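All remarks here apply to the structure that follows.
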Amino acid sequence: MTITISLYTLVLIIIIIGFILYVLYRIFLPKVVDRRISTYQNELLENHISEIDELYHKIRGWRHDYHNHIQIMIAYLELGKTEEMMKYLRDLDKDLSTIDQVIKTGNIMVDSILNTKISIAGKNNIKVTADAVVSDKVAISDIDLCVIIGNLLDNAIEASMTVENEEERFIRIYIAEKMDQFYIYVSNSFEGKIKKKGSKYFTTKDERQRGYGIIRIDGIVEKNQGMINRQSERDIFATEIILPLSY
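In the numbering used here, the protein residues as written are 84 to 330.
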């Protein structure tokens, strides 16, 4: 009888301990995940600021040197050195292509993120085509919108860089008001496999950051009562996001 009671007591203790651990897991795990996402997002925002600052200084530097470039080309022409001048122009064009502001959406913050990421993509030989207009009727905050776009393009750049043939690297961006909704579409090339768990896709970042960007996007879309759809087919990954407009 004593042995039986002791066995029942042991089983009961194990059940109670298991229940306590389960409750603690449900309470503290979301906090740990939120803290890690917050840390990752802070690092991401710092990177965005650094990238924008670098682009800004490049633009200022190029404008500062503009007069010098003109004088050099005049000198080449006066000396009849046409080939040297053409080479100089090609080098200038290559340098300017990495800093040229190609997108004006109507939203300064979105312009900064888009142009910075497009510049980074260009440095990695990724062809970017973009058509983007940000309506003033967008209900989402500028910060949340920039977090979504920044994360989408970071993931797109990372995935495109896995493609060995640089001629096949691409990112397509479409942002517009569509059928009384705000529509964001980003597609990109990739090589290999993108991990999928349930309905969620995960990139191949290091273990600490894996999927945090996607989780952050999903959280913002849900908070703003939007919808998100992801598809992966034939070495192309696409994300569609629909957000409400304010009237």
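Built from N, CA and C at the ideal position, the CB exists for glycine as well. Computed from a predicted model, the values in this text were never measured in an experiment.
Check	Outcome
Cβ-based burial, S329 [other Cβ within 10 Å; buried from 16]	exposed
N-terminal and C-terminal residue of the beta strand (DSSP E) that L328 is part of	Unbroken run through L328: none, as it is neither H nor E.
Assigned secondary structure, V216 (DSSP; H/G/I helix, E/B strand, else coil)	coil
Whole-angstrom C-beta distance between A213 and I240, which should lie under 8 Å	The Cβ separation is near 13 Å, so there is no contact.
CB contact check: P327 to chain B, cutoff 7 Å	The structure shown has no chain B; it contains just one protein chain.
Closest by C-alpha distance to L326, when choosing among D194, D227 and L236	D227
Start and end residues, alpha helix (DSSP H) containing S224	Counting along the chain, S224 falls outside any alpha helix (DSSP H), and DSSP gives it neither H nor E.
Helix, strand or coil at K200 [DSSP, three-state]	helix
Closest by C-alpha distance to N248, when choosing among S270, D318, Q308 and D174	D318
Which of helix, strand or coil DSSP assigns to R173	helix
Local conformation of N271 per DSSP, three classes	strand
Q308 in three-state terms, based on DSSP	coil
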